[in-house]
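Engineer: Line by line, the protein sequences are chains A, B, C, D and E.
Take 21 as the starting number for the first sequence in the numbering used here and just add one per residue.
Take 283 as the starting number for the second sequence in the numbering used here and just add one per residue.
Take 2 as the starting number for the third sequence in the numbering used here and just add one per residue.
Take 13 as the starting number for the fourth sequence in the numbering used here and just add one per residue.
Take 223 as the starting number for the fifth sequence in the numbering used here and just add one per residue.
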Amino acid sequence: MSLDTTPLLQIEQAKAGYAGSVVLHGINLDINASEVVALIGPNGHGKTTLLRLLSGLIPLISGKITFAGKPIEATDTSERVRAGLVHVPQGDQLFPEMSVEENLLMGAYLCDDPAETHNRLEEVYTLFPKLKDRRTQYCNGLSGGERRMVGIGRGLMANGRLIMLDEPSLGLAPLIIEQIYQALNELTKSGRTFLVVEENPVRISEIAQKISLVQGGKVHWSGTREALQSSPELSQVYFGGH
Amino acid sequence: MSFLICTSATATFGSLVAVDHIDLIIERHSVVGIGGPNGAGKTTFLDLISGLVPLREGGIELDGVVLDGMPAHKRARLGVARTFQLNAGFDSMTVYENVLTAVVFGNQTASRRKPLWSRADHHRTCAYLEEFGLTEKTDVEVSRLAALDRKKLMVVTALASDPKVLLLDEPVGGLTPTEIDEFADLIIRLKEQGHTIVFIEHVMSFLTKVADRAVIMHHGSLIFDGVPSEIAHNETVAEVYLGSAAAQMRGDLS
Amino acid sequence: MILSKALSRDLLISVGFVAALALVPIVFPERYFVGQIITFLIWSMVASQWNLLMGHAGVFSLAQMAFFAIGAYTTAMASRHLDLSIWMSLPLAVLVAMVSALIVGAACLRLHGAYVALLTFAIAEVIHVLIITDTYCYTREGGGCLQFFGGATGFSRISDFGFRPFLKGDWILGNYYVVLLAFAFVTLVTMFVMHGRLGLAFRAIRDNLGYASSRGISRFYTQMTVFAISAALTGLAGWAYAGHFRFAGPSLFDFSTLILVLSMVIVGGLGSIWGPYIGAATILIGLEWLKEFGDAKNIGLGLILVLVVLFAPNGLAALFARLFKHIRPGKNNTPKSRT
Amino acid sequence: MDIFLQVMVTGLTLGALYALAATGLALVWGTLGMFNMAHGIFMTVGAYGAFVAVDMFGFPRPFAFVFGLAAGGIIGAATYLFVARFMIGRRNFETNIIVATAGIAILAQDIILKIFGAYPFSQPVVIDGKFSIGDVIVPTQRVLILVGAALLLLGVNILLTRTKLGRAIRATAMSIDAARLMGVRTSRTYLQVIVIAGVLAGAAGIMVSSLSTLSPQMGGNPMLMAFVVCVVAGLGHIGGTGLAAIGLGILEATIQYFLGVQYGFPVMLLLVILFLIWRPNGLFGKQLVVRL
Amino acid sequence: PSPLTGIVAADGIEFRRGLELAAEEINTIGGILGRPIQLEFVDTESKGDDVVSQAAQRLVDRNNASALITGYNLETGTVLPEISADAGVICMHAQTQVTHEEVIKSDPDRYWGSFMIDPPETFYADGLLEFIKELETKGKFDRPNDKLAIITGPGNYSVNIADTLNEKAKEYGFEVSLFETVKVPISEWGPTLSKLRADPPAVIAMTHYFPQDQAQFMLQFMDDPTDSLVYMQYGASLAAFRDVAGDASEGVLYATVIGALQDEIGIAFREAYAAKFGADASPNSGGQTYQALYMYAIAASLAGGVGAAYEEEQNRKVAERLRGLIFRGPMGTYRCVQETQSAYAYPAQTNDPSLGMPHIFSQIQSKAEDGKLVAPWPYIVADFQLPNWMKS
Ligand SMILES: Nc1ncnc2c1ncn2[C@@H]1O[C@H](COP(=O)(O)OP(=O)(O)OP(=O)(O)O)[C@@H](O)[C@H]1O
Ligand SMILES: Nc1ncnc2c1ncn2[C@@H]1O[C@H](COP(=O)(O)OP(=O)(O)OP(=O)(O)O)[C@@H](O)[C@H]1O
Ligand SMILES: [Mg+2]
Ligand SMILES: [Mg+2]
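Spelled out as C-alpha cells, the structure:
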C-alpha cells in the first residue's frame, strides 16, 4: 500500500444514466493507486454505466469525480485519456475497417515516441501471440475472443495510470484469461491501477485487493476479498455454489 | 439416430482455413458443447450449419435434408435456429416485435402470404415472453436491454421458430455465477423437452454441467470428442486451451 | 388476422385526415390554394413511399423520383402516342413503374448503403440524360418536333381527368377529388404494409440483415416486395401528377426536385409513420410563406432545412410525439396490449 | 494517332477535373461517413473567392489562388462549426447531414446569386499559353490541372494512410466513442477533415471554372460526377478515387468521340451501373464483413 | 413568372430588370390611365410546366395579376396560355416557339389573351441560309466547300432550329457533314472539335444557346481553327460571351429574332439599361420584357384600363388592342399575326421593316463591344467582315 493517502480516483454521490432513465443513483467509490479493484454485481445494475461515466462517454447528472486530485466532471473523454484514465469498453468498440495492428497502434495514439510504441506493441504480441498471427486482418472478421484480445491489448498500449476493464474475460479461453490476470498482477507492481468489472469469482479472488458490489445503481458493499469470503451471506448470493 | 451430419465441412477466408474438414455426427435429443481456443473456428462452424458462411467443401445434412447451398433464411425455416456471440437483435424494435418476427417468419407453417399476423401468433409471442420472464420488458426497445435480457431474448427468438436444432454461441458469457446456474437449468429443461442443442462455451463449469458430449476444436479441427468429464484429462486440450484451469477442474471433479 | 392497436389507431387517423381534406376545397375554393393542396397530396404520396423504402426497409434508394417520373411519363406517352384516356393509362402507369422497380431492385440486391444510393441515382440519371439529349423527332405537329420520350421539354397538354366540360371553371375540384382518392388509397395501403408482416420484415432487415436471415426472413423476397409496392404507389402518384398538370417533363428528374422531396421525408422523420405527411406539409407551407418575401425564398428554404435537422434530428413527427407526451403524461408508461 | 491523342487529352482533362472534385467529397464521405451535399458549393465559393481576389482586390494570381483555397476552407469550417458539429454521433446522422448540407448549399448558392448575379464571369486565375503534341494543341492550364490533381490526391492519400492524423481520422469515422477513448480530440479531427475538404474543393472550383465559367450553380455537375467517381472507386479509397476518375474521364471522351457527345455521360453511367452490379463494393472497396 | 434561379437565371434576372425599367418609366409618366403599374415576380426555378403553372396561378390568385409577362421559361410553352385562358388575363412572352402558334390555332376563342411578342424559332434556319446566300451573292463570302456542321443542345428551341437547318441545307446546296447533339452545360469540346477538324465544313452552326458554352467552344476552336464561318444562336449576343471568349469571340456571327437594335431607339434603351443596372447587364434579354410591358401599357390604356384576374370582359378589350397594335420599340417593330398571335417576321414575312420584327444578324468585330448589326437593312451599322481565322 502506498503511503499517499489521497485516492487516485474518488467518486462521490455520482448520479448518471441515459435519456429517460437514471441508472446510477449516487455512487461512492475510492480507488487507490497500484491496486486492483473489482466491480461485481448482477447484470444490468450499472457497472458498465459507471465505467462509461468515468471515461466521460455519458454525462454526470450530479455528484463529484476526482482523478489524481483534479475534478474531471467537466472534461472531455479525450482529455481524461490524456490524464491517464483509460477505458476498455464492453463490446470492444474496435475500429472495424482497420487491421489488428492499426487498432493496437491507435491505442498508443498519445505516445509520440515510435520506439516506445514499438516496445508496447511487442509486449502485447507476447501476451497475445494469436494477434501477431492475425495482425494484418481487418477487425470486422475477428472471432469474439480475438476481438476481446485486441480490445484489451489496445487498452494496454495506452500506458494509462488507471485502466478500466469491462469484463476482460468475456469470451476468452480459460488459458488466455489466466495469462491476462497474470499480466495485470505484474502491471500493478509497476504502479498501474486497475478497475475491473468481472463476473468470474475465481479470478476476482485471485487478484483484487478490493471488491465493490454494485447493485441498483449504488455501491452496495465494499471490502477486501477476505471480508467477502468471510461473509457467507454475500458470497452465497453472488457466487452461488462456488 | 444421426440427425445433424457434417461431412468434411470446410470454410476458408482467403488463405485462412477456419474450419478444416470437420466430420461430425450429432444425434437427436443430444446436447453437445463445443470448446476450444479463441479463433479455433467454433463460431464459423455454426455459421456453416446455419448458412451464414458458404461451405468451401463437404456437406451438411439435417434430418435427412441436404442443407448445402441453401440460403440462411430457408434453413431457419427448416428448423436451424441459432444465437450469436455478439448478442445480435433487432435493436430499434421492441422485445415484443423481436419475438413476433421470429414467430411469424421463423417456421415452415408461418402464414407468409398474409399481410397481417394472426391472433395465434400474438398469443404464442406473449406465451414465450411470459415463459422466459420478459413480459415486463415487452415494450422496451432492444438497444436498451442489459446483457442478460439480450441473451434470453436471443434464446427466446431462436425457440420461437420451433427449431429442430438449437445452436447457441456462448450462451452464458458475461453472466454472474447465479445467472449461469439459472441458464443451465433452462438448457436442461429444454433438453428434457426433447430439443437437440449444440452450444459453444468457454465457461467450463457450465459446459460440463449441461452437455452430454463435449467437442474441442483447435485450428479448425477436432482435437477432442467425448464425455465432458474427460476434457480436463486430455493433455492437448489442457495445454492449448485450459491451462491451469484443467487442474482445477480435475480437482473439482474428484 | 388481427388489427393491432397501432394499426387500428393509424387507420382511424388516416380516415379522419382524408375526411378533413375532403372538406377543404368546399371551405376554401381558391384555385391556387386547391392547387397547392393537390401538390401536397402528390408529394406526400411520393414521400410516404420513399419513407417506406428508405426509413422502414433501410434501402437508401435515390430512384424514387425516377419511379414517379416513369408513372407520369407512361401516362403522358400513352396519351400522346397511343391516344389512351388517362383512366386507361392508370393501370399501365402503375405497372410500368412497378416493373422498372423490380429491375432496379434486383440490380441493388447485392449492394449496401451508399452503393445503393449511387446505383439508383445513376439509373435515374441515365434515364434523365437519355431523355433530354434525344433529338430524334418521333412526330411533328405543325413544325414542332416531338421526340418519343418528349425530349428536353417533355409532354404537355396531354389528356386530363376530363372535368372541364361539365365542371367548367371548377374543373380543379374534380382533379382534387381524384388525387385525394389516390392519396387515400396510398395511405391505407401504406398503413397495412407498415403495421403488417411486411413492415416487421422491413425493419428487421434494416436493423440487422444477418440476424434477420437466421430468423427466416428472405432479403430477396422482402426487398423486391418493398421496391414493387413503393414504386407502384409512387407510379400512381406520378399518374395523378401527369393528369393534374397535363404534363410530364425532365424537370421531374432534376436533382433539386429530388432533394426537395427527400427533405420532406427526412424533415418529417425517416422511419416514422406520419413523418412524410408532416414533412411535405411543413416544407410546402414554408415555401409558400417564403414566397411572400420574394427574393428570400431559397435562403429561407436552406435555413429551414438546416434548422429542422439541427433541432429535430429524429424528424418533426418524433418532435410532435414528444410534445404530445408532455401534454398527456403517463400515457406511454402503461404497457400497450396488442389486441 | 491524332484522334487517340485528342481523346487522351480530353479524357485526361475530364478525369483530372473529376478527380479534383471527387477528392474532397471522398475524404469527408469515406472517412467521416458524411455525404456533403454542399461540396459543390464549396467549389463555387473557392472559384468566386479567387475571382474576387483578382477582380476586386487586384491580388496577383498566385495569391488569388491561395485566397480561393482559403475561401473553400473557411466555408468548410463554417459548415462544421455552425451545423455539422451538433449532429455528429447522433442518430440518423447519415441522412440528416444530407439534408443539412443540402440546406447549406441552397442557402449559399442563393447568397452568391444575390451578390454576384447569374452573370457567367470568366475565371481570372488561369495560366495562359499552350503547346502542341503532334497536331494536338494542349493549353498549359490543362497540364497544370492534371499535375495539380495528381499532387493533391497523392498528398491526401499519404496523409490518410501514412500519418497518425490519417489514422485518427479513419478511427474517428469508424467509431467516434472509441476514438475518444484513445485520446483523439474528435471534434478537432472533424474540423480538420472538413477544412481540408473545403480547401480541396476550393482548388477544384478554381480549376473547373478556369475551363468554363463562374456561375452560382457551377458546382452542381462536378459534384454529381464526384459522387459517381467516389463510389466506382470504392468509398474511402482516395488513391483509387484518382485512378477511377481518370479512367472514367477517358472512357467518357472515347464514347463522346465514337458514339456522339450526347452519349458520353449516359453510356458511361450505364457501364458504371453494370460494373457495380458485377463488383458491389467498387474497384478498390473490400467486401463488407459483419459478424454477429 | 420567370426563371430567377437555376440554369437560365442569368436571362430570368434580365427579364425582371426589363420589367422594372419599363414600369419605372411608365409610372413616372402616369402609369396606365393614372394608375401605376405594380410588378410581382414569382420564380420558376428554370423548371418545367408544373412549376411555371403554379407560379402563374399564384400570380393570378394571390396577386390578382392582370397580365403575365415574361421572356422565356424552360417549359413546353403551352402552360402560360392555359393559365391565362382559365383566368381571363393577358399573357405575353418571348418563348420563340412554334408551339405557341399551335396552341392558339387549336382554339382561338379560348386563347384570346396569349401573345408571343416575337416570331417563332422556325424562321431562324431559313434566315441563316438566306443570309449566307446573300453574303455569297454580294461576294463577301466564298464557301471553301459545301459542308455544313450543325451542333445543337437538347432544348426544343435548339433542336427545332437544327432540324430545320438540316432539312433545308440541301436547297441551298449544302451537305450536312456533322450533326451533333451535346448534353449541357458543356465545357469540354475536344471530341466535337476533333471531328470538325477531321472534316472541316464551310459553315459551323451552333443552335445550342448558352453563352458560356459557346464561349468555351470558341476558345478551344481558336486553338486550331478550321476554314469555316461560325454562327451561334442567341448566346453570343450576350456580353458574357465576349467576356469569356475574349479575343476568340471576334468574327463570330449570331442572330436573334428579338434583340436590341443599334439605332437611335435601341441605343437610347441600351444606355438607360446600362445606367440602371450596370455594364454587365444584358439589354438583349431585358429588352424583351421591357418592350412587352410598353405594349401592354399602351393597349390597356387604349382599352380603358386593365381588368383584374377573372374579369374577362375588360381583358378581352386589352387583347383586342394588342392584336391591332403596331409598336416600334428598342427591339424592333411588333405587329400581330392575327391567327397565331405572334409577331410578324421581317424579312421573312414582310419586306417592310416597319411592319415586322427584324431577324437581326450581328457579327462581333471587337471583343469590347456588342456585335455589329450586319443584316438586315435598314438596321445595318457595319459590313460583314471575313473572320480573321478564315483563309479566303
Ligand atoms: N443506451 C442505453 N439506453 C438506455 N438504457 C440503457 C442503455 N444502456 C444500458 N441501459 C440500461 O442501464 C442499466 C444498466 O446497464 P449496465 O450496462 O450499466 O449494466 P451492467 O451492470 O454493466 O450489466 P452487464 O453485466 O449486463 O454488462 C440497464 O438496466 C440497461 O437496461
Ligand atoms: N469474415 C472473416 N474474414 C476473415 N477472417 C475470419 C472471418 N471470420 C472468421 N475469421 C477468422 O477465422 C477464425 C475462426 O473464427 P471463429 O469466429 O470461428 O472463432 P471461434 O472459435 O468462434 O473463436 P472465439 O472463441 O474467439 O469466438 C478466426 O481466426 C477469425 O479471425
Ligand atoms: Mg456491463
Ligand atoms: Mg466464437
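Idealized CB from N, CA, C, for every residue including glycine.
Indicate whether residue 32(D) and residue 216(D) have their beta-carbon atoms separated by less than 8 Å.
Structural biologist: Residue numbering aside, residue 32(D) sits at position 20 when the fourth sequence is read from its first letter. Residue numbering aside, residue 216(D) sits at position 204 when the fourth sequence is read from its first letter. Contact flag set, yes.
Engineer: Pick out whichever of 554(E), 555(E), 521(E) has its Cα sitting closest to the Cα of residue 539(E).
Structural biologist: Residue 539(E) sits at position 317 when you count from the first residue of the fifth sequence. When 554(E), 555(E), 521(E) are compared, the shortest CA-CA separation from residue 539(E) is found for 521(E).
Engineer: Just to confirm, does residue 220(A) get its C-beta within under 7 Å of one of the non-hydrogen atoms of ligand 5?
Structural biologist: Ligands displayed in this structure: ligand 1, ligand 2, ligand 3 and ligand 4; ligand 5 is not among them.
Engineer: Closer than 8 Å between beta carbons: that is the criterion. Which residues of the stretch 159-178 of chain D meet it against chain A?
Structural biologist: Listed in sequence order: 176.
Engineer: Go to residue 73(C), then tell me how far its alpha helix (DSSP H) extends in each direction, as first and last residue.
Structural biologist: Here residue 73(C) refers to the residue found at position 72 when the third sequence is read from its first residue. 65-82 is the extent of the alpha helix (DSSP H) around residue 73(C).
Engineer: Out of 293(E), 398(E), 511(E), 226(E), which one is the CA nearest neighbour of residue 491(E)?
Structural biologist: For this step, residue 491(E) is matched to residue 269 along the fifth sequence. It is 511(E) whose Cα lies nearest to the Cα of residue 491(E).
Engineer: Identify, in the order they occur along the chain, each residue of the same chain with its Cβ nearer than 8 Å to the Cβ of residue 173(E), setting aside the five sequence neighbours on each side.
Structural biologist: The structure shown does not extend to residue 173(E), since chain E is modelled only from 223 through 614, so no value can be given for it.
Engineer: Against residue 116(D), what residues of chain E qualify as contacts under a CB-to-CB distance less than 9 Å, listed in chain order?
Structural biologist: To locate residue 116(D), count along the fourth sequence from 1; it is residue 104. The premise fails here: residue 116(D) is roughly 16 Å from chain E at the closest Cβ pair, so nothing lies under 9 Å.
Engineer: Which residue from 460(E), 413(E), 257(E), 429(E) puts its Cα closest to that of residue 442(E)?
Structural biologist: Translated into the one-based positions of the fifth sequence, residue 442(E) becomes position 220. Cα-wise, what sits closest to residue 442(E) is 413(E).
Engineer: Looking only at DSSP bridge pairs, what is residue 343(B) linked to?
Structural biologist: Taking the first residue of the second sequence as 1, we reach residue 343(B) at position 61. Beta-bridge pairing links residue 343(B) to 287(B), 348(B).
Engineer: Measure how close the beta-carbons of residue 435(B) and residue 478(B) come, nearest whole angstrom, since I'm counting them as under 8 Å.
Structural biologist: By one-based count along the second sequence, residue 435(B) stands at place 153. By one-based count along the second sequence, residue 478(B) stands at place 196. That pair is no contact at about 21 Å.
Engineer: Could you spell out where the beta strand (DSSP E) holding residue 313(E) opens and where it closes?
Structural biologist: By one-based count along the fifth sequence, residue 313(E) stands at place 91. First-last of the beta strand (DSSP E) with residue 313(E): 312-315.
Engineer: Can you tell me whether DSSP reads residue 35(A) as helix, strand or coil?
Structural biologist: On the first sequence, position 15 is the one that residue 35(A) refers to. It is a strand residue.
Engineer: Given this structure, state the Cα-to-Cα distance separating residue 156(C) from residue 148(C), to the nearest angstrom.
Structural biologist: Position 155 of the third sequence, counted from the start, is the residue given in the question as residue 156(C). Position 147 of the third sequence, counted from the start, is the residue given in the question as residue 148(C). Answer to the nearest angstrom: the Cα atoms are 9 Å apart.
Engineer: Taking 8 Å as the threshold (beta carbon to beta carbon), is residue 262(A) in contact with chain B?
Structural biologist: Taking the first sequence and counting its residues from 1, the one referred to as residue 262(A) is at position 242. Low local confidence applies: a pLDDT of 46 at residue 262(A) is under 50, so the model's placement there is unreliable, with the coordinate-based value given in what follows. True, the Cβ-Cβ gap to chain B drops below 8 Å.
Engineer: Quick one: what's got a C-beta closer than 8 Å to residue 159(D)'s C-beta in the same chain, skipping five residues either side?
Structural biologist: Working through the fourth sequence from its first residue, we reach residue 159(D) at position 147. If we look at residue 159(D) and ignore the five residues flanking it on each side, it has no Cβ neighbours.
Engineer: Following the continuous alpha helix (DSSP H) through residue 16(D), name the residue where it begins and the one where it ends.
Structural biologist: Position 4 of the fourth sequence, counted from the first residue, corresponds to residue 16(D). Its alpha helix (DSSP H) spans residues 14-38.
Engineer: With a threshold of 6 Å on Cβ separation, who are the neighbours of residue 444(E) within its own chain once the five nearest residues in sequence on each side are excluded?
Structural biologist: Working through the fifth sequence from its first residue, we reach residue 444(E) at position 222. Cβ neighbours of residue 444(E) beyond the five flanking positions: 470.
Engineer: Contact defined as beta carbons within less than 8 Å: I believe residue 144(A) pairs with residue 114(A). What is the distance between those atoms, to the nearest angstrom?
Structural biologist: In the first sequence, the residue the question calls residue 144(A) occupies position 124. In the first sequence, the residue the question calls residue 114(A) occupies position 94. Incorrect: roughly 14 Å between the Cβ atoms, too far for contact.
Engineer: How big is the Cα-Cα spacing for residue 245(E) and residue 257(E)?
Structural biologist: Against the fifth sequence, residue 245(E) aligns to sequence position 23. Against the fifth sequence, residue 257(E) aligns to sequence position 35. Rounded to whole angstroms, residue 245(E) to residue 257(E) spans 11 Å at the Cα level.
Engineer: Taking DSSP as the reference, what is the three-state secondary structure of residue 413(E)?
Structural biologist: Numbered from its first residue, the fifth sequence carries residue 413(E) at position 191. DSSP places residue 413(E) in helix when its eight states are reduced to three.
Engineer: Do you know whose CA, among 287(D), 27(D), 19(D), 56(D), lies nearest residue 221(D)'s CA?
Structural biologist: Indexing the fourth sequence from 1 puts residue 221(D) at position 209. Of the candidates 287(D), 27(D), 19(D), 56(D), the one whose C-alpha sits nearest the C-alpha of residue 221(D) is 56(D).
Engineer: Using only alpha-carbon positions, find the residue among 84(A), 226(A), 76(A) that is nearest to residue 49(A).
Structural biologist: Taking the first residue of the first sequence as position 1, residue 49(A) is located at position 29. Residue 49(A) has its Cα closest to that of 84(A), out of 84(A), 226(A), 76(A).
Engineer: Starting from the N-terminal side, write out each stretch of the alpha helix (DSSP H) that is 4 residues or longer and does not extend beyond the stretch 80-137 of chain C.
Structural biologist: 87-109, 114-133
Engineer: Hey, could you find the ends of the alpha helix (DSSP H) residue 195(C) is sitting in?
Structural biologist: One-based indexing of the third sequence puts residue 195(C) at position 194. Here the alpha helix (DSSP H) through residue 195(C) covers 172-196.
Engineer: What is the DSSP secondary structure of residue 226(D), reduced to helix, strand or coil?
Structural biologist: Position 214 of the fourth sequence holds residue 226(D). Of the three classes helix, strand and coil, the one that applies to residue 226(D) here is coil, per DSSP.
Engineer: Is the beta carbon of residue 71(A) sitting closer than 8 Å to the one on residue 217(A)?
Structural biologist: Here residue 71(A) corresponds to residue number 51 of the first sequence, with the count starting at 1. Here residue 217(A) corresponds to residue number 197 of the first sequence, with the count starting at 1. Yes, they are a contact pair.
Engineer: For residue 66(A), is the beta carbon positioned less than 7 Å from some heavy atom of ligand 1?
Structural biologist: The residue given as residue 66(A) occupies position 46 in the first sequence. Residue 66(A) Cβ: within cutoff of ligand 1.
Engineer: For residue 294(C), collect the residues of the same chain with a Cβ closer than 8 Å to its Cβ; drop the 5 residues on either side in sequence, then sort them by chain order.
Structural biologist: Mapped onto the third sequence, residue 294(C) falls at position 293. Taken in chain order, the residues that qualify are 301.
Engineer: So with CB distances below 8 Å, who are the chain C contacts of residue 98(D)?
Structural biologist: One-based indexing of the fourth sequence puts residue 98(D) at position 86. Those within 8 Å of residue 98(D) in chain C are 311.
Engineer: Buried or exposed for residue 501(E), please, with buried defined as at least 16 other CB atoms from any protein chain shown within 10 angstroms of its CB.
Structural biologist: On the fifth sequence, position 279 is the one that residue 501(E) refers to. Exposed, because fewer than 16 other Cβ atoms sit within 10 Å of the Cβ of residue 501(E).
Engineer: Just to confirm, is the Cβ distance from residue 454(E) to residue 476(E) under 8 Å?
Structural biologist: By 1-based counting over the fifth sequence, the position of residue 454(E) is 232. By 1-based counting over the fifth sequence, the position of residue 476(E) is 254. Result yes, Cβ atoms of residue 454(E) and residue 476(E) sit closer than 8 Å.
Engineer: Using only the heavy atoms of ligand 4, determine whether one of them is closer than 7 Å to the beta carbon of residue 455(B).
Structural biologist: Counted from its first residue, the second sequence places residue 455(B) at position 173. Checking the Cβ of residue 455(B) against ligand 4 gives no.
Engineer: Please report the straight-line C-alpha distance between residue 309(C) and residue 317(C), rounded to a whole angstrom.
Structural biologist: As a position in the third sequence, residue 309(C) is number 308, starting the count at 1. As a position in the third sequence, residue 317(C) is number 316, starting the count at 1. Going from the Cα of residue 309(C) to the Cα of residue 317(C) covers about 8 Å.
Engineer: Please decide whether residue 183(D) counts as near chain A, where near means a Cβ-Cβ distance under 8 Å.
Structural biologist: Along the fourth sequence, one-based indexing puts residue 183(D) at 171. With 8 Å as the cut-off, residue 183(D) counts as an interface residue toward chain A.
Engineer: Quick one: is residue 81(C) near chain E, going by C-beta distance under 8 Å?
Structural biologist: In the third sequence, the residue the question calls residue 81(C) occupies position 80. No, no contact with chain E.
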